[in-house]
Amino acid sequence: LVLDEATSAIDPETEQALAGALARLADGRTVVSIAHRLSTAELADLVLVFDQGRLVERGHHDELLALGGTYAAMHRSWMGATRDRARAADGAGLPQP
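The following block contains the structure:
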């Protein structure tokens, strides 16, 4: 099964529901998922990291974080952006009257 940006245009809640359905569909099958969203990569058995068309890292999510390379840098950036969006939605960081 090949999934090309299957979650690129959906909200996080729909992404979670889709992830559950895809997990059931993928059971016993090989799935190649092409994704820019790191939340998709976190669930993979093997992540291949490409930079400018070249394979630069490979491993499981935890291994790649520990490596501290390209994937880890992208993950840190993504986590910071996610935290910033959550704060903005909650009104955190806004000046208090």
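Residues are numbered in the working numbering as their position in the sequence shown, beginning at 1, plus a constant of 10. Where a beta carbon is used, it is the ideal one built from N, C-alpha and C, also for glycine.
In the DSSP annotation of this structure, the continuous segment of the alpha helix (DSSP H) that includes L32 starts and ends at 22-36. In the structure shown, G90 falls within a helical segment according to DSSP collapsed to helix, strand and coil. A distance of 7 Å or more separates the beta carbons of D55 and T80. Apart from the 5 residues on each side of it in sequence, A16 has no Cβ closer than 6 Å to any other Cβ in its chain. Taking all protein chains shown into account, A31 has fewer than 16 neighbouring C-beta atoms within 10 Å of its C-beta and is therefore exposed.
Secondary structure at D72: helix, using DSSP grouped into helix, strand and coil.
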